[in-house]
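Here is the structure we will look at, set down as structure tokens.
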Amino acid sequence: MDNEGVQSSIAEMNLSEQLQKILSVIDVEGKRLEEIILSMNEGKFELVKKGYEYVKQLKDEAQRLKENTMEYVVRTSPALLTKELYMFSLSHLDRLIQLMDSITYRLTILAQSGLELDSDIKSRIVEMTNKTLSMVGDLFMEAKLLSLNARKILEFHEVINQKEDDIDQMYRSITLEVIKKYSKDVFSLMILKEIVDLVEDLADVIREASHDFKYLALYKI
């Protein structure tokens, strides 16, 4: 292997490690969001409001790691054929970080309002959100597998695709129910619709990031 090839190989290993670091923070952010969702479901509004500050700290940490990694990609060897894929994946991870923060913030607003949600709608939003957050764990596994077993990433990619399809179905159903139930309550309709929209967007972005990892895996196989 020539010097350029060695540099590219080292860059690939470093980038795989950096993606794992970013996603490890995002995974913790997702778990904290799950706890906030549980607190909301149980009516523990003070815990919801307190939880947002920690999520914000995790968001800032993940974004710092993302910025450092993007700078590394820009500086690294121009011979790295997968450079654009890494940039795409980092862009998607940045969007993912922002969406999780936005969901948590909307939940905080909901908690501050003290609104008692319809139990069926509440349970369905919790189910949709938790299923979406489980995709974060799948994406984290894909990042780990980049340097261990790239072929296995293709299996996780299919799992993520299936979950995203399920979430699309849930999104359409829940949106209709929210509109029917809260058509005369503008605040509740607006905040609940925003939360559901953001969760659906999050699932879409996770799938897009998974596409990036799939293409990186195909390059390695």
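Sequence positions in the sequence shown follow our numbering and run 1310 to 1530.
Note that CB positions come from ideal geometry on N, CA and C, so glycine has one too.
Does the Cβ of residue i have 16 or more other Cβ atoms within 10 Å, making it buried, or fewer, making it exposed?
| i | result |
| --- | --- |
| E1289 | Because residue 1289 is not part of the residues shown, which for the chain are 1310 to 1530, the question remains open. |
| R1516 | buried |
| V1383 | exposed |
| F1465 | buried |
| M1258 | This structure leaves residue 1258 out entirely; the chain is present only between 1310 and 1530. |
| S1497 | buried |
| I1530 | exposed |
| G1339 | buried |
| S1592 | Look at the range of the chain in this structure, 1310 to 1530, and you will see that residue 1592 is not part of it. |
| L1485 | exposed |
How would you write the range of the alpha helix (DSSP H) that residue i sits in, first residue to last?
| i | result |
| --- | --- |
| N1458 | Looking at the DSSP string, N1458 is not in any alpha helix (DSSP H), and its letter there is neither H nor E. |
| D1494 | Where D1494 is concerned, there is no enclosing alpha helix (DSSP H), given that its DSSP letter is neither H nor E. |
| K1359 | 1354–1384 |
| E1393 | 1392–1422 |
Do residue j and residue i come within 8 Å of each other at the CB atom, strictly closer than that value?
| i | j | result |
| --- | --- | --- |
| A1526 | I1430 | no |
| L1347 | A1518 | no |
| I1434 | V1505 | yes |
| K1490 | D1427 | yes |
| D1494 | I1469 | no |
| L1408 | L1507 | yes |
| L1389 | I1345 | no |
| Y1381 | N1323 | yes |
| V1364 | D1410 | yes |
| L1501 | I1412 | no |
| I1483 | M1437 | yes |
| A1420 | V1357 | yes |
Restricting to Cα atoms, I'd like to know which of the options is closest to residue i.
| i | options | result |
| --- | --- | --- |
| L1582 | S1398, R1415, T1484, T1441 | No information on residue 1582 is available, as it lies outside the stretch 1310 to 1530 that the chain covers here. |
| N1458 | F1522, I1515, V1364, V1382 | F1522 |
| Y1528 | L1455, I1469, Y1480 | L1455 |
| K1359 | Y1524, Y1414, M1499, K1472 | Y1414 |
| D1403 | V1383, K1375, V1495 | K1375 |
| L1442 | N1323, L1390, L1332, E1326 | L1332 |
| D1475 | N1323, S1497, E1509, A1420 | E1509 |
| N1350 | I1412, N1377, S1432 | S1432 |
| Y1524 | V1334, R1460, Q1421 | R1460 |
| N1439 | L1511, T1385, V1334, G1352 | L1511 |
| V1334 | R1373, R1481, G1352 | R1373 |
At least 3 beta-carbon pairs within less than 8 Å: the stretch 1315–1328 vs the stretch 1363–1372: no
contact_flag[the stretch 1432–1451, the stretch 1381–1394] where n(CB pairs < 8 Å) is 3 or more: no
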